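Numbering (the working numbering), first residue to last: 48 to 132.
Structure, as structure tokens:
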């Protein structure tokens, strides 16, 4: 019983960009966002390597995941319309 309660009380993590937002973005906007996120990730990693601390260590993971989502969307083939098939 204790395990069930602990599972239901977990907070949901907030994504940097929602899936709906990603799908609505134009390809150029996606590429621009990837470069912005990569720059932010690089600056965070640089500060960590130089001995500094990070306000939110989970931000690194979220940045990596968001970049991967954007690149996956960018490289995925578009679905053909049912009329063309």
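Where is the CB? At the ideal position from N, CA and C, for every residue including glycine.
Only a predicted model underlies this, so the values are computations on that prediction, with no experimental measurement involved.
Q. If you compare alpha carbons, which of 114, 120, 125, 64 is closest to residue 82?
A. 114
Q. How would you write the range of the alpha helix (DSSP H) that residue 81 sits in, first residue to last?
A. 74-96
Q) Relative to the C-alpha of residue 62, which residue among 125, 111, 121, 119 is closest? A) 111
Q: Please confirm whether residue 73 and residue 116 have their CB atoms less than 8 Å apart.
A: no
Q: Please classify residue 122: does DSSP put it in a helix, a strand, or coil?
A: helix
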